[in-house]
Amino acid sequence: YAATTLDLENRNPILEADALVEPGELTMDNAMALQNLAPFGESNPQPLLICRRLILQYLRPAGNGRHLKVGLTAPGSDNNLDGIAFGFGDAGDLFALGEAVDLLFSLDINEWKGQKSIQLTIRDMKPSPVRDEFIDRPWVAESLYEEQADLKALMHRFQIPIETLRPSKEEYKIVYQFIRARYSDQALLADLSLLARRISSSYRIKLNGFRLARILTVFQETDLLKMQRLGRERIRLKLRQTHSRVRLEDSPTYQLLHSEEVLS
């Protein structure tokens, strides 16, 4: 999530977890044991944990909408967990209640009116894998496309229809509107899949990272924006100022995507 909201001047460094834990290990005893390692600081960072496939029960804004309170539980468990995600105020529209998520967090103790409870201080949150390679490992399709630029091969490889791979004309308009409305005067650092989720939620469509990457490539080829790839999923982009009409049809990528030969 964080990668969809950070501009280039405010990037956080990569966060590394200290341990992968199971939901049953998120107890008061373990929270107190971790607190014994305090005081935390630059020379003694607070341990960060990962817990996978927790189920979202609620998402509530906090701190005048700047933060997000998160309710979670483990599959098949009655044990409820409370979390707080500072600076995630606009992340609520990225996730659906009942969805499984993977968390990066610190295990803390919250005290309210003399009552103590554990609290997950969430540093990052993403959807759990759904055991669909096209969705869970989007860089595989990207790599294959970059090697061959063959949509039919991808349709066969992942057993998906052309509509999953080829953007609609309406999606080009939506993506440009989204970027222009929010990032007209600043560069954007983003993970493709999460950015696609955010756009989908804002416009009530179902856009995936692969189609978004094709759209952004078309925009780059027609000088609507400048884009740089930073690893498997991350991109950096900046809108260009343009005062003349742009024809997307002039883009080689657009011509390839919308060629009749794709389906022949």
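Residue numbers for the sequence shown follow my numbering, beginning at 601 and rising by one.
No residue lacks a Cβ here, since even glycine has one placed at the ideal position from N, Cα and C.
The model shown is predicted, which means the values in this text are computed figures rather than measured ones.
Residues near residue i by beta carbon distance below 7 Å, same chain, minus five either side
i    : result
V730 : D736
Q635 : I709
R829 : I835
R845 : none
A741 : F734, L754, F758, F810
L848 : Y772, V818, T822, Y854
D850 : T822
Cut-off 6 Å between Cβ atoms - residues of its own chain near residue i, not counting five sequence neighbours on either side
i    : result
V621 : L649, C651
M628 : I718
Y803 : I774
E642 : none
Straight-line Cα distance separating residue j from residue i
i    : j    : result
I760 : E821 : 27 Å
P852 : V818 : 8 Å
L608 : G714 : Unreliable placement is indicated for L608, whose pLDDT of 39 sits below 50; the coordinate value is still reported in the next sentence. One C-alpha to the other measures close to 42 Å.
L794 : P727 : 9 Å
R660 : D693 : 11 Å
L765 : S801 : 19 Å
I762 : K716 : 53 Å
E770 : A796 : 14 Å
D615 : H843 : Looking at the sequence provided, one finds Leu at residue 615 rather than Asp. So the alpha carbons of these two residues sit roughly 41 Å apart.
G831 : G665 : 32 Å
L744 : L751 : 10 Å
P623 : A633 : 16 Å
H756 : K826 : 32 Å
D785 : G676 : 47 Å
A617 : L626 : 15 Å
E711 : F640 : 19 Å
V701 : N680 : 15 Å
D732 : A790 : 22 Å
E747 : Y783 : 31 Å
S859 : E699 : 37 Å
8 Å CB neighbourhood of residue i in its chain, flanking five on each side removed
i    : result
I799 : I774, V775, F778, I805, L807, L812
I684 : A662, H667, L668, K669, V670, Q719, L720, T721, I722
Y658 : K669, V670, G671, L697
A749 : L856
Residues bridged to residue i (per DSSP)
i    : result
G698 : Paired residues: none, contrary to the question.
A869 : What is shown of the chain runs 601 to 864, which leaves residue 869 out entirely.
T822 : Paired residues: none, contrary to the question.
E711 : K716
K838 : K826
L656 : L672
K773 : The partner list for K773 (beta bridge, DSSP) is empty, contrary to what the question assumes.
I650 : L620, L704
T721 : I684, S706
Test item: CB-CB of residue i and residue j under 9 Å
i    : j    : result
D682 : I718 : yes
A696 : L656 : yes
R814 : L754 : no
A781 : K838 : no
R653 : A674 : yes
R840 : L824 : yes
L792 : P738 : yes
N630 : A638 : no
P767 : S706 : no
M725 : F688 : yes
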